[in-house]
């Protein structure tokens, strides 16, 4: 069963705590992405990676960090510096970074920080 | 920043009718993609149309692109209850390999 998995589906944290969201893919895709979605809104790009050990900031990277130590994995850490962390987080991958390729999305993680 | 703006924001139609959603964007694009999102789920890619294409079909989906008006439309024919979802357009600019998503159209099919 190929695809992208994100865990957990729901995550609750207290303000001031860092939290790491998991994203794993077995599609053998080079490029991976993290998006944030707020209610009634489209997706905004947080970070992306086109190859292992390399990643770039997206449009809203402040307060977030990522790593890409393995091709299959692209975890996202939401730090205490992120002012409004409560949101729906989506991970995606594509064969390569080139925008001509469709992106495949995971089921998402809904993070609530109180 | 969000480039695409979908219109309408919400649409309710009877099952069997056709649904049309529009997307407008601001800058020149390499291609435009449409995605569907069921409530609380990830997005699913529907169709990609390149800047040199004017129309594309996939099953009950028909997408048009008018680069002179910087707009695209998604037509779903013979709608079904399972088509109930949010639909997003996403653009890719030349020289920028990232997708920029619009705010989406929420489609409800009434059985």
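Residue numbers (the working numbering), protein chains in the order written: chain A, 136 to 249; chain B, 133 to 243. No residue lacks a Cβ here, since even glycine has one placed at the ideal position from N, Cα and C. Just so it is clear, the structure is predicted and the values come from calculations on it, not from any experiment.
Determine, using beta carbons only, whether residue i comes closer than 8 Å to chain A.
i, result
"residue 150 of chain B", "no"
"residue 194 of chain B", "no"
"residue 185 of chain B", "no"
"residue 239 of chain B", "no"
"residue 233 of chain B", "yes"
"residue 170 of chain B", "no"
Counting contacts by CB-CB distance shorter than 8 Å, is residue i in contact with chain B?
i, result
"residue 235 of chain A", "yes"
"residue 147 of chain A", "no"
"residue 183 of chain A", "yes"
"residue 198 of chain A", "no"
"residue 242 of chain A", "yes"
"residue 211 of chain A", "no"
Taking residue i and residue j to be in contact with their CB atoms under 8 Å, please state how far apart those CB atoms are, rounded to whole angstroms.
i, j, result
"residue 234 of chain B", "residue 149 of chain B", "Not confirmed; about 23 Å, so no contact."
"residue 173 of chain B", "residue 242 of chain A", "6 Å"
"residue 214 of chain A", "residue 248 of chain A", "Wrong, their Cβ atoms sit about 11 Å apart, outside the cutoff."
"residue 205 of chain B", "residue 152 of chain B", "6 Å"
"residue 145 of chain B", "residue 211 of chain B", "6 Å"
Going by alpha carbons, who is nearest to residue i out of the options?
i, options, result
"residue 180 of chain A", "B:173, B:189, B:231, B:204", "B:231"
"residue 213 of chain B", "B:242, B:195, B:166", "B:242"
"residue 218 of chain A", "A:230, A:198, A:235", "A:198"
"residue 163 of chain A", "A:138, A:175, A:194, A:145", "A:138"
"residue 239 of chain A", "B:142, B:171, B:176, B:159", "B:176"
"residue 216 of chain B", "B:171, B:187, B:159", "B:171"
Ordered along the chain, which non-local residues of its own chain (more than five positions away) have a Cβ less than 6 Å from that of residue i?
i, result
"residue 228 of chain B", "none"
"residue 155 of chain A", "210, 212"
"residue 167 of chain A", "184, 209, 228"
"residue 190 of chain B", "179"
"residue 187 of chain A", "203, 206"
"residue 245 of chain A", "145, 223"
"residue 142 of chain A", "157"
Can you list, in chain order, the residues of its chain whose CB lies under 7 Å from that of residue i, leaving out five sequence neighbours each side?
i, result
"residue 163 of chain B", "180, 181, 182, 183, 224"
"residue 161 of chain B", "183, 223, 224, 225"
"residue 140 of chain A", "159, 241"
"residue 157 of chain B", "135, 136, 202, 223"
"residue 200 of chain A", "212, 214"
"residue 151 of chain A", "215"
"residue 140 of chain B", "237"
Got a sec? Which residues, its chain only, sit under 8 Å from residue i by beta carbon, not counting five neighbours each side?
i, result
"residue 196 of chain A", "181, 182"
"residue 178 of chain A", "170, 171, 172, 225"
Verify the contact flag: residue i, CB atom, against every heavy atom of the ligand NAD, threshold strictly below 7 Å.
i, result
"residue 194 of chain B", "With respect to the ligand NAD, the structure offers nothing, as it holds no ligand at all."
Looking only at DSSP bridge pairs, what is residue i linked to?
i, result
"residue 166 of chain A", "A:229"
"residue 196 of chain B", "B:187, B:205"
"residue 192 of chain A", "A:182"
"residue 177 of chain B", "B:167"
"residue 245 of chain A", "A:145, A:223"
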